[in-house]
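Our numbering puts the first residue of the sequence shown at -16, with every later residue one more than the last.
Even for Gly, the Cβ is constructed at its ideal location relative to N, Cα and C.
Owing to the predicted nature of the structure, the values given are computational and were not obtained by experimental measurement.
Only one structure is covered here, and it is reproduced in the block below.
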Amino acid sequence: MVQVHDKKFKVYIPKEELREIVSRLGKEISADMKGKQPLICPVLTGSFVFAADLVREFDFDAPVSFIKYTSYSGTQSTGTVKVGLPFPTDCTGKDVLIIEDIVDTGISMEFMLNELRKLNPASIKVCTLLFKPSSFQKDFKVDYIGKAIPNDFVLGYGLDYDDYGRLLPDLYVIDE
Ligand code: IMP
Ligand code: MG
-16 MVQVHDKKFK
-6 VYIPKEELRE
4 IVSRLGKEIS
14 ADMKGKQPLI
24 CPVLTGSFVF
34 AADLVREFDF
44 DAPVSFIKYT
54 SYSGTQSTGT
64 VKVGLPFPTD
74 CTGKDVLIIE
84 DIVDTGISME
94 FMLNELRKLN
104 PASIKVCTLL
114 FKPSSFQKDF
124 KVDYIGKAIP
134 NDFVLGYGLD
144 YDDYGRLLPD
154 LYVIDE
């Protein structure tokens, strides 16, 4: 059990299982990207730990450009997306791979996809460590999913509760 701010959390996906998930995703993406050098766009801040592990499972080399879009405050989506770091203009004509920590309502990713499409990339693939199918409200395709989880707030392995909890090596779920 850990306490972050006012809430208690318990281990939900231990680091050993995270390692297996990341290794499987690395193989899937490497197989699909044969002969390609996608521009890898990890979404800050939440995906920095996952992306750092995932890219080291790839069997190809490729450029990395961080983007930052935020929508969460506390344990709730605010529904509005703020742009911290936009997609780089050199996405035009490139195969782009977005790496996200979690797709929850889908509002953030849909916003990002709309921004990216304006730059006319050659192709777009979305990879997320976690996906909450019961809270997803959109209809875009998530190409690579680490694990589908129930609609409970999680933290650790890069994911935060108001900026804390990111450094925990396991993934935790809120304990109510
Ligand atoms: P969405 O726009 O509702 O899909 O939310 C996506 C963003 O909200 C993710 O990039 C996360 O930063 C954050 N988020 C969603 N669910 C959680 C959670 O359970 N824990 C921590 N952050 C979350
Ligand atoms: Mg995020």
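Could you pull out every residue in the same chain whose Cβ sits closer than 7 Å to the Cβ of G9, ignoring the five residues on either side in sequence? L37, E40, F41
CB-CB under 6 Å to V47, same chain, minus the five flanking residues each way: which ones, in chain order? I23
State yes or no: is the C-beta of I85 within less than 9 Å of the C-beta of T58? no
In this structure, does DSSP put V109 in helix, strand or coil? strand
Nearest by alpha-carbon distance to R2: which of P152, P116, F49 is it? P152
Hey, would you say the C-beta of F70 is under 8 Å away from at least one heavy atom of the ligand IMP? no
Where the beta strand (DSSP E) through A14 begins and ends: Looking at the DSSP string, A14 is not in any beta strand (DSSP E); the run it does join, the alpha helix (DSSP H), is -2 to 15.
Have a look at the DSSP bridge pairing and note the partners of L138. Y155
So which of Y52, S91, I107, K130 has the shortest CA-CA distance to K115? K130
When the distance is taken between beta carbons, is S118 closer than 9 Å to N134? yes
For a test of your reading of the model: does the CB of S117 fall under 8 Å from any non-hydrogen atom of the ligand IMP? Yes or no. no
Determine the contact status of M16 and V64, defining contact as a CB-CB distance below 9 Å. no
With burial defined as no fewer than 16 other Cβ atoms inside 10 Å of the residue's Cβ, what is the status of P21: buried or exposed? buried
Starting from the C-beta of Y(-5), find all residues in its chain whose C-beta is less than 7 Å away, skip the five residues before and the five after it, and write them out in chain order. V137, L154, Y155, V156
Test item: CB-CB of K(-2) and Y144 under 9 Å: no
Quick one: is the Cβ of Y127 within less than 8 Å of any heavy atom of the ligand IMP? no
Consult DSSP for T61 and reduce its assignment to one of helix, strand or coil. strand
Secondary structure of L37, DSSP reduced to three states: helix
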